[in-house]
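Comments concern the structure below.
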Amino acid sequence: MNHKRVKKDISLFTWVCAIFLLLSICASCENEADFETESNAPIITENFEKPELAFPKASGIQKQIRIGKQTLHVEQIENNLVFEGDILISNNQLGTKSVGRSNLARRWPNNTVYYAIETGLPNQARVTNAIAHWQNNTPLRFVARTNQPDYIYFKKGSGCSSFVGRVGGRQDINLADGCSTGNTIHEIGHAIGLWHEQSRKDRDSYVTINFGNIQAGREHNFRTYVQQGQDGAEYTSTLDFGSIMMYGPYFFSSNNQPTITKKDGSTYSIQRNALSADDKLGVLRMYPNIGLGSFDMASSKDLSVSLDYNGDGYEDVINYRPGNKVFYLQRNDKNGKFTSVVRSHNGVAGYDLASSRDRIIALDYNGDNKDDIIIYRPGNKIAFLLRSNGNGTFTAVYKSWNGFQGYDLAVTTDKMVALDYNGDGKDEVMCFRPGKSVFFLYRSNGTATFQKMIDARSGFGGFDLKSANDNAIALDYNKDGKDDIGFYRPGSKVFFLLKSNGNTTFSTPIKSFNGIASFDLARSNDRLVTLDYNNDGYEDIVAYRPGSRVFYLNRANSNGSFTSVIRSHSGIMGYDLASGLDKIISLDYNKDGRSDILCYRPGSRVVYYGRSNGSTFIREY
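When we follow this note's numbering, the leftmost residue of the sequence shown carries the number 16, and every step to the right adds one.
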């Protein structure tokens with residue numbers, strides 16, 4: 016009995032083992048079948064991120080193609096040419112005569128990408144969510160196609176794949192059911208012109224490619240762009256392991272060992288959740304912002320003024336085009352965006368902005384914490400004071416065709432600057448005539464009237480105002496709550512700082528004939544801008560030289576001196592200052608008490624916003 020029982024148990028055990036072995040063999044065969052359709056060696060993805068693949072279960076022929084003078088190693092799968100796993104090469108690209116990676120990645124005009132979604136594509140939310148992510152983090156706009164000839168078409172495919180850049184006509188982004196929102200963000204990255212991060216020309220300074228661990232026939236996926244005969248132009252300074260375009264360390268592994276490691280031999284993690292900070296920066300350099308809000312910055316006449324028209328503490332922007340009657344009020348939406356709450360092509364509050372000489376300054380003349388504006392036309396004696404109603408509208412409380420409160424504005428070089436010289440919370444106005452030594456100072460009565468406090472005809476505070484190039488800024492350099500005056504003469508190195516005593520008298524603590532701090536003021540186009548970049552209450556000065564790439568940040572010290580804490584001859588935060596039209600204004604964009612900067616190039620549609628972190632400026636827009 017016992018012997019028979021043991022014999023029966025052994026037979027059952029043998030039967031179970033046989034079944035398990037059979038299942039294992041079948042599973043092995045299934046894996047082998049998959050392996051045979053994909054390539055000559057299995058892709059080991061167990062416990063690791065999987066690469067985006069155009070055709071995960073199909074193998075192709077390795078071949079070389081020519082694009083202009085470039086040679087690319089690709090995989091031909093049926094009629095498709097696949098590069099680095101998920102990048103499709105179009106017939107249009109094969110026919111191009113141009114050379115270089117940048118030519119393969121043709122830009123979408125006006126930062127606008129048109130798209131359509133296949134009706135039967137499952138889980139379309141991954142597409143709309145990916146598009147929303149791109150729109151919220153870059154200057155790109157995605158617009159549903161009507162009849163535009165060039166557009167992206169999201170469709171069901173056997174894997175995740177895309178073309179790189181705008182290739183002309185309909186270009187597909189293929190999404191299998193398993194392609195996630197993150198994979199879709201990645202493929203859109205290709206479509207707008209991004210390549211894989213690990214193929215950049217300087218990657219060998221950051222990673223080691225372990226070719227012995229790569230599947231046979233997949234080695235070409237790991238070449239740099241330079242090795243492939245392309246230009247290798249980069250849009251960020253270092254390799255970004257966190258880029259959504261980065262290969263994982265085990266992509267295309269043949270033996271479960273890493274194909275890519277850091278220089279110290281360690282592996283790293285990748286993500287397919289969101290654009291990294293460097294991804295955003297690279298896209299910003301590829302697609303600079305076009306204007307601000309709905310204002311296109313397309314004319315060389317365009318000018319910008321910062322103000323807080325609604326008193327919420329987030330500074331807004333006026334964009335205007337003198338001579339063309341265009342006036343846009345851009346509300347700061349507190350989320351990195353501006354909304355055009357006023358879009359007028361007929362001036363504002365009765366002022367027509369019909370002259371190219373029209374200028375706008377912002378001030379809070381009545382102390383209600385909502386910034387108002389003065390619009391004036393030097394040489395024609397016209398001045399309007401417009402009170403902000405806080406809702407995007409302005410009311411003209413003062414209109415004059417005979418100058419401003421007694422200052423005749425009869426000369427085309429006349430200038431007006433707002434300041435609070437007595438610290439009463441109501442902004443005053445100084446008017447001056449460069450080259451003619453005329454200087455007037457007006458105190459605000461808090462109504463629509465101003466009282467003339469100083470009428471000087473031989474300059475002011477020792478600064479003679481005899482040069483037509485003379486200019487002035489207002490700033491509280493010593494943190495006493497009273498705005499002081501900085502006179503400067505670009506091209507002659509002259510800078511005078513006049514300290515307000517609060518009673519219409521000024522002393523002159525700085526008389527410099529060698530610029531300010533380390534900035535020499537030696538060029539006639541040098542400009543100064545006031546700001547408090549570090550929120551210490553001492554207002555600082557940005558000095559810049561448009562067309563020459565020069566940017567200096569001069570910190571105001573508590574002892575009344577200035578120190579150049581940034582001395583750049585290559586622009587700032589990626590903005591090159593290479594055009595003579597470049598301009599900078601300051602504003603507290605995010606209500607943190609630190610003044611930020613807005614750089615723009617009238618006529619070129621380019622606008623950069625730089626957030627101050629208390630020591631430098633970080634591009635946010």
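The beta-carbon is built from N, C-alpha and C at its ideal position, and this holds for glycine as well.
Query, Result
"Any idea if residue 153 is buried or exposed, counting beta-carbon neighbours within 10 angstroms, 16 or more meaning buried?", "buried"
"Could you pull the DSSP bridge partners for residue 178 from this structure?", "103"
"Is residue 277 near residue 310, with beta carbons less than 9 Å apart?", "no"
"Quick check on DSSP: helix, strand or coil for residue 472?", "coil"
"Just how far apart, CA to CA, sit residue 402 and residue 384?", "11 Å"
"For a test of the three-state rule: what should DSSP assign to residue 347, helix, strand or coil?", "strand"
"To the nearest angstrom, report how far apart residue 175 and residue 88 are at their CA atoms.", "20 Å"
"Along the chain, where does the alpha helix (DSSP H) containing residue 300 start, and where does it finish?", "292 to 301"
"Residues in its own chain within less than 6 Å of residue 219 by CB, not counting five upstream and five downstream?", "none"
"Could you check whether the region 494 to 508 touches the region 538 to 554, counting it as contact only if at least three pairs of C-beta atoms, one from each stretch, sit closer than 8 Å?", "yes"
"Look up residue 386 in the DSSP assignment and give the residues it is bridged to.", "BP columns for residue 386 are empty, so no partner."
"Alpha carbon to alpha carbon, how far is residue 101 from residue 509?", "60 Å"
"So what's residue 95 in DSSP terms, helix, strand or just coil?", "strand"
"Assuming residue 126 contacts residue 155 (C-beta within less than 8 Å), just tell me the rounded distance between them.", "5 Å"
"Please identify the residue among 157, 192, 139 and 164 whose C-alpha is closest to the C-alpha of residue 71.", "192"
"When you compare each of 181, 68 and 91 to residue 123 by their alpha carbons, which one comes out closest?", "181"
"Taking only runs of the alpha helix (DSSP H) that begin and end inside the region 181 to 223, which ones reach a length of at least 4 residues, in chain order?", "196 to 207"
"If you drop the 5 nearest sequence neighbours on each side, which residues of the same chain put their C-beta closer than 8 Å to that of residue 150?", "156 and 157"
"Looking only at C-alpha atoms, which of 606, 148, 589 and 536 sits nearest to residue 633?", "589"
"Alpha carbons only, please: which of 497, 198, 183 and 319 is nearest the one belonging to residue 288?", "198"
"Go to residue 145, then tell me how far its alpha helix (DSSP H) extends in each direction, as first and last residue.", "140 to 152"
"Do you know whose CA, among 467, 537, 491 and 456, lies nearest residue 474's CA?", "456"
"Say whether the region 161 to 176 touches the region 258 to 276, bearing in mind that this needs 3 or more beta-carbon pairs closer than 8 Å, one atom from each stretch.", "no"
"Going by the DSSP bridge assignment, what does residue 451 pair with across the sheet?", "According to DSSP, residue 451 bridges with nothing at all."
"Exposed or buried, residue 281, counting other C-beta atoms within 10 Å across all chains shown (16 or more means buried)?", "exposed"
"To which residues of the same chain is residue 204 closer than 6 Å at the C-beta, ignoring the five residues directly before and after it?", "260"
"Decide yes or no for the touch test of the region 613 to 627 against the region 580 to 597: beta carbon pairs closer than 8 Å, at least 3 of them.", "yes"
"What does a CB cutoff of less than 6 Å around residue 45 pick up in its chain, not counting 5 residues either side in sequence?", "Because the pLDDT of residue 45 is 35, which lies under 50, any placement of that residue in the model is unreliable, and the number read from its coordinates should be weighed accordingly. Cβ neighbours of residue 45 beyond the five flanking positions: none."
"Any beta carbon from chain D within less than 9 Å of residue 72's own beta carbon?", "Of the chains in the structure shown, none is chain D; there is only one protein chain."
"I need the DSSP call for residue 234, collapsed to helix, strand or coil.", "helix"
"How far does the beta strand (DSSP E) with residue 15 in it reach, from first residue to last?", "This structure does not reach residue 15, given that the chain is present from 16 up to 636, and the question cannot be answered."
"Using the C-alpha atoms, what's the distance from residue 496 back to residue 573?", "14 Å"
"Below 8 Å, can you find three or more Cβ-Cβ pairs linking the region 313 to 328 to the region 128 to 142?", "no"
"Under three-state DSSP, which class holds residue 698?", "Outside the modelled stretch of the chain, which goes from 16 to 636, sits residue 698, for which no answer is possible."
"Assuming residue 337 and residue 370 form a contact by the criterion Cβ under 8 Å, report the distance between their Cβ atoms to the nearest whole angstrom.", "6 Å"
"State yes or no: is the C-beta of residue 391 within less than 9 Å of the C-beta of residue 409?", "no"
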